[in-house]
Amino acid sequence: MIKKEIVKANLGLRFYVDDGWSRKEVCDLLIQQEIEAVLPRYMFAHEADTIRQGFMMPSSVNDTIYDDCYYFIVLSPDHLFDEEKINQYGKVRYPPMS
3 MIKKEIVKAN LGLRFYVDDG WSRKEVCDLL IQQEIEAVLP RYMFAHEADT
53 IRQGFMMPSS VNDTIYDDCY YFIVLSPDHL FDEEKINQYG KVRYPPMS
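Going left to right, the sequence shown walks through residues 3 to 100 as this note's numbering numbers them.
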C-alpha cells in the first residue's frame, strides 16, 4: 500500500504537497486524465493563483507544476476518480470536526 494520504474535505479530496503529491499524480487518479481539473490551493488568499476559472484551470497552464501550493483538489463534478487507483492509497481520511 502506498503511504501518501488522501483527505476528504467538504468539496472534494485533498492531496497535500507535503505528503509528496504532485499535480500530475493527482491527475493520474482521474478517469479522464485532464490536468485542467486539478486545482492548486494555497494557505493564504494572497498566494492564490487568480488564473483559475470556475472548476478548471486554462490549458495554458497545463505544464505548470504548482509545487509551492498547500494542496491540490478536484472540484469539477464532471471529473471522477478511478476508485481502483484511489484504493491503492488505503482509506480516505476524514478529519475530525472541530
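Ideal Cβ placement from N, Cα and C applies to all residues, glycine included.
| Query | Result |
| --- | --- |
| Here's a check: name, in chain order, each residue in its chain whose Cβ is nearer than 6 Å to the Cβ of VAL16, leaving out the five neighbours to either side. | First, the amino acid is wrong: residue 16 is Arg here, not Val. Closer than 6 Å at the Cβ level, and outside the excluded window around ARG16, lie VAL9, TYR73, ILE75. |
| Return the CA-CA distance between ASN89 and SER61, expressed in angstroms with no decimal places. | 29 Å |
| Can you list, in chain order, the residues of its chain whose CB lies under 7 Å from that of LEU77, leaving out five sequence neighbours each side? | LEU13, GLY14, LEU41, PHE57 |
| Report the start-end ranges of each beta strand (DSSP E) in the region 11–42 that is 3 residues or longer and not cut off at the edges. | 15–18 |
| Is ASP69 near VAL19, with beta carbons less than 9 Å apart? | yes |
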